[in-house]
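Visitor: One structure coming up, written as C-alpha coordinates, with questions to follow.
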Amino acid sequence: MKITRLITSADAPALAELLRVNREFLAPWDPIRSEDYFTAHGQHAVIAADLQQHEQGSKLPHIILDNSGHVIGRITLNGIVRGPFQSCAMGYWVSASHNGQGFATKAVREIVRVAFEELGLHRVQAETLLHNAGSQRVLERNGFVQFGMAPEYLNIAGRWQDHAMYQVVNSSWATAGTRTRRRG
(Lines of atoms letter the chains of each structure in order from A and count residues from 1; the text may use other names and numbers.)
(Lines give C-alpha, C1' and ligand atoms only; values in the text may rest on other atoms or scores of the structure.)
Protein backbone atom coordinates (compact mmCIF):
# COMPACT_ATOMS: atom_id res chain seq x y z
CA MET A 1 0.00 0.00 0.00
CA LYS A 2 1.42 3.37 -1.06
CA ILE A 3 1.63 5.94 1.71
CA THR A 4 2.80 8.89 -0.39
CA ARG A 5 1.40 10.67 -3.40
CA LEU A 6 2.01 13.84 -5.37
CA ILE A 7 0.69 16.87 -3.54
CA THR A 8 -2.28 18.77 -5.01
CA SER A 9 -3.76 22.19 -4.29
CA ALA A 10 -6.70 20.39 -2.66
CA ASP A 11 -4.28 19.33 0.13
CA ALA A 12 -3.74 22.93 1.29
CA PRO A 13 -6.47 23.07 3.98
CA ALA A 14 -5.45 19.72 5.52
CA LEU A 15 -1.76 20.67 5.47
CA ALA A 16 -2.46 24.08 7.01
CA GLU A 17 -4.40 22.48 9.86
CA LEU A 18 -1.72 19.81 10.36
CA LEU A 19 1.01 22.46 10.42
CA ARG A 20 -0.97 24.61 12.83
CA VAL A 21 -1.54 21.71 15.25
CA ASN A 22 2.12 20.58 14.98
CA ARG A 23 3.69 24.04 15.01
CA GLU A 24 5.48 23.60 18.35
CA PHE A 25 6.45 20.01 17.58
CA LEU A 26 8.07 20.98 14.25
CA ALA A 27 9.60 24.30 15.39
CA PRO A 28 12.96 22.86 16.60
CA TRP A 29 13.50 21.19 13.19
CA ASP A 30 12.24 23.92 10.84
CA PRO A 31 13.21 27.40 9.70
CA ILE A 32 11.20 30.21 11.25
CA ARG A 33 8.03 30.55 9.20
CA SER A 34 5.71 33.49 8.55
CA GLU A 35 2.21 33.38 10.02
CA ASP A 36 0.79 33.01 6.51
CA TYR A 37 2.63 29.67 6.11
CA PHE A 38 0.22 28.10 8.64
CA THR A 39 -2.91 29.11 6.69
CA ALA A 40 -4.68 27.44 3.79
CA HIS A 41 -3.83 30.51 1.68
CA GLY A 42 -0.15 30.16 2.55
CA GLN A 43 -0.16 26.44 1.82
CA HIS A 44 -1.85 27.06 -1.54
CA ALA A 45 1.10 29.34 -2.42
CA VAL A 46 3.68 26.78 -1.20
CA ILE A 47 2.00 23.99 -3.16
CA ALA A 48 1.72 26.11 -6.33
CA ALA A 49 5.45 26.90 -6.17
CA ASP A 50 6.30 23.25 -5.49
CA LEU A 51 4.17 22.03 -8.39
CA GLN A 52 5.75 24.59 -10.73
CA GLN A 53 9.20 23.25 -9.79
CA HIS A 54 7.84 19.72 -10.25
CA GLU A 55 6.77 20.60 -13.82
CA GLN A 56 10.31 21.87 -14.44
CA GLY A 57 11.72 18.56 -13.18
CA SER A 58 13.58 19.98 -10.16
CA LYS A 59 11.26 18.82 -7.35
CA LEU A 60 9.00 15.92 -6.42
CA PRO A 61 6.61 17.13 -3.67
CA HIS A 62 4.62 14.36 -1.99
CA ILE A 63 2.39 14.13 1.04
CA ILE A 64 2.48 11.26 3.54
CA LEU A 65 -0.79 9.45 4.27
CA ASP A 66 -1.85 7.29 7.20
CA ASN A 67 -3.62 3.94 6.76
CA SER A 68 -6.95 5.74 6.37
CA GLY A 69 -5.66 8.07 3.66
CA HIS A 70 -5.42 11.18 5.88
CA VAL A 71 -2.55 13.62 5.38
CA ILE A 72 0.00 13.19 8.19
CA GLY A 73 3.12 14.84 6.74
CA ARG A 74 5.23 15.70 3.74
CA ILE A 75 8.21 14.23 1.93
CA THR A 76 9.94 15.99 -0.94
CA LEU A 77 12.81 15.40 -3.30
CA ASN A 78 14.37 18.85 -3.72
CA GLY A 79 17.02 20.19 -6.06
CA ILE A 80 16.83 17.36 -8.58
CA VAL A 81 19.88 17.75 -10.79
CA ARG A 82 20.44 15.76 -13.97
CA GLY A 83 23.55 15.46 -16.15
CA PRO A 84 26.54 13.81 -14.52
CA PHE A 85 25.15 14.43 -10.98
CA GLN A 86 21.75 12.63 -11.17
CA SER A 87 21.09 13.51 -7.55
CA CYS A 88 18.66 15.25 -5.19
CA ALA A 89 18.11 16.17 -1.56
CA MET A 90 15.23 14.79 0.48
CA GLY A 91 13.28 16.39 3.30
CA TYR A 92 10.35 15.02 5.29
CA TRP A 93 8.25 15.43 8.42
CA VAL A 94 5.44 13.51 10.11
CA SER A 95 2.90 14.85 12.62
CA ALA A 96 3.54 14.36 16.33
CA SER A 97 0.55 12.02 16.61
CA HIS A 98 2.06 9.70 13.98
CA ASN A 99 5.69 10.09 15.00
CA GLY A 100 7.51 6.87 15.93
CA GLN A 101 4.98 4.59 14.20
CA GLY A 102 7.02 3.76 11.09
CA PHE A 103 5.32 6.18 8.70
CA ALA A 104 8.48 8.20 8.05
CA THR A 105 10.50 5.02 7.48
CA LYS A 106 7.92 3.74 4.98
CA ALA A 107 7.63 7.12 3.24
CA VAL A 108 11.41 7.41 2.85
CA ARG A 109 11.58 3.85 1.47
CA GLU A 110 8.82 4.64 -1.02
CA ILE A 111 10.25 7.98 -2.21
CA VAL A 112 13.77 6.52 -2.59
CA ARG A 113 12.27 3.76 -4.75
CA VAL A 114 10.61 6.45 -6.88
CA ALA A 115 13.88 8.40 -7.09
CA PHE A 116 15.82 5.36 -8.27
CA GLU A 117 13.29 3.34 -10.29
CA GLU A 118 11.05 6.03 -11.79
CA LEU A 119 13.30 9.10 -11.94
CA GLY A 120 16.49 7.13 -12.61
CA LEU A 121 18.54 9.09 -10.09
CA HIS A 122 21.91 7.85 -8.83
CA ARG A 123 21.90 9.41 -5.36
CA VAL A 124 19.58 10.81 -2.69
CA GLN A 125 21.01 13.02 0.05
CA ALA A 126 19.40 14.00 3.36
CA GLU A 127 20.57 16.20 6.20
CA THR A 128 19.60 16.08 9.88
CA LEU A 129 20.42 18.19 12.87
CA LEU A 130 23.18 16.46 14.82
CA HIS A 131 20.83 15.70 17.75
CA ASN A 132 17.94 14.39 15.60
CA ALA A 133 18.51 10.71 16.40
CA GLY A 134 15.00 9.72 15.29
CA SER A 135 15.46 11.06 11.78
CA GLN A 136 18.92 9.50 11.59
CA ARG A 137 17.43 6.09 12.47
CA VAL A 138 14.80 6.53 9.72
CA LEU A 139 17.54 7.22 7.19
CA GLU A 140 19.76 4.36 8.36
CA ARG A 141 16.81 1.90 8.19
CA ASN A 142 16.57 2.87 4.52
CA GLY A 143 20.22 2.29 3.67
CA PHE A 144 21.47 5.85 4.07
CA VAL A 145 25.00 6.25 5.40
CA GLN A 146 26.49 9.31 7.02
CA PHE A 147 29.23 10.77 4.87
CA GLY A 148 30.04 13.98 6.67
CA MET A 149 29.03 16.94 8.78
CA ALA A 150 28.26 20.40 7.48
CA PRO A 151 28.96 23.21 9.97
CA GLU A 152 26.31 25.94 10.16
CA TYR A 153 24.53 24.31 7.21
CA LEU A 154 20.94 25.58 7.57
CA ASN A 155 19.18 28.29 9.55
CA ILE A 156 16.85 26.21 11.70
CA ALA A 157 14.80 27.54 14.62
CA GLY A 158 16.40 30.95 14.15
CA ARG A 159 20.07 30.01 14.17
CA TRP A 160 22.65 28.45 11.86
CA GLN A 161 23.04 24.82 12.88
CA ASP A 162 25.39 21.96 12.05
CA HIS A 163 23.93 19.03 10.13
CA ALA A 164 24.89 15.40 9.66
CA MET A 165 25.00 14.56 5.94
CA TYR A 166 23.53 11.24 4.76
CA GLN A 167 23.23 9.62 1.35
CA VAL A 168 22.04 6.48 -0.35
CA VAL A 169 23.36 5.49 -3.76
CA ASN A 170 21.40 3.58 -6.38
CA SER A 171 23.16 0.20 -6.47
CA SER A 172 21.67 -0.62 -9.89
CA TRP A 173 23.87 1.99 -11.54
CA ALA A 174 27.08 0.62 -13.00
CA THR A 175 30.41 1.68 -11.52
CA ALA A 176 33.49 3.13 -13.20
CA GLY A 177 31.62 6.06 -14.72
CA THR A 178 29.06 4.16 -16.81
CA ARG A 179 25.32 4.10 -16.29
CA THR A 180 22.75 1.34 -16.62
CA ARG A 181 20.13 3.83 -17.81
CA ARG A 182 20.21 7.06 -19.68
CA ARG A 183 18.34 10.08 -18.29
CA GLY A 184 18.65 13.82 -18.74
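In this text, residue positions in the sequence shown follow the numbering used here: the first is 998, and each later residue adds one. Cβ atoms here follow ideal geometry from the backbone N, Cα and C, with glycine treated the same way. Values in this document were obtained by computation on a predicted structure and should not be read as measured data.
Can you give me the C-alpha to C-alpha distance between residue 1136 and residue 1126, rounded to a whole angstrom?
Guide: Counted from its first residue, the sequence shown places residue 1136 at position 139. Counted from its first residue, the sequence shown places residue 1126 at position 129. Computed Cα separation, rounded: 13 angstroms.
Visitor: How big is the Cα-Cα spacing for residue 1036 and residue 1150?
Guide: Translated into the one-based positions of the sequence shown, residue 1036 becomes position 39. Translated into the one-based positions of the sequence shown, residue 1150 becomes position 153. C-alpha separation (whole angstroms): 28 angstroms.
Visitor: Do residue 1166 and residue 1139 have their CB atoms nearer than 9 angstroms?
Guide: The residue you call residue 1166 lines up with position 169 of the sequence shown. The residue you call residue 1139 lines up with position 142 of the sequence shown. No, the Cβ-Cβ distance between residue 1166 and residue 1139 is not below 9 angstroms.
Visitor: Can you tell me where the alpha helix (DSSP H) holding residue 1022 begins and where it ends?
Guide: One-based indexing of the sequence shown puts residue 1022 at position 25. It spans 1020-1023 - the alpha helix (DSSP H) in which residue 1022 sits, taken as one unbroken run.
Visitor: Write down the C-beta distance between residue 1130 and residue 1146 rounded to the nearest angstrom, noting that I regard them as a contact closer than 8 angstroms.
Guide: The count along the sequence shown starts at 1 and reaches residue 1130 at position 133. The count along the sequence shown starts at 1 and reaches residue 1146 at position 149. No, residue 1130 and residue 1146 are not in contact; Cβ-Cβ is about 15 angstroms, not under 8 angstroms.
Visitor: Using the three-state DSSP reduction, which class does residue 1074 fall into: helix, strand or coil?
Guide: Numbered from its first residue, the sequence shown carries residue 1074 at position 77. Strand at residue 1074.
Visitor: Would residue 1067 and residue 1104 qualify as a contact pair, given that the criterion is a beta-carbon distance under 9 angstroms?
Guide: The residue labelled residue 1067 in the question sits at position 70 within the sequence shown. The residue labelled residue 1104 in the question sits at position 107 within the sequence shown. Cβ atoms of residue 1067 and residue 1104: not closer than 9 angstroms.
Visitor: Does the beta-carbon distance from residue 1061 to residue 1101 come in below 9 angstroms?
Guide: Here residue 1061 refers to the residue found at position 64 of the sequence shown. Here residue 1101 refers to the residue found at position 104 of the sequence shown. Going by C-beta atoms, residue 1061 is nearer than 9 angstroms to residue 1101.
Visitor: Under the three-state reduction of DSSP, which class applies to residue 1102: helix, strand or coil?
Guide: As a working mapping, residue 1102 is identified with position 105 in the sequence shown. Helix, per DSSP.
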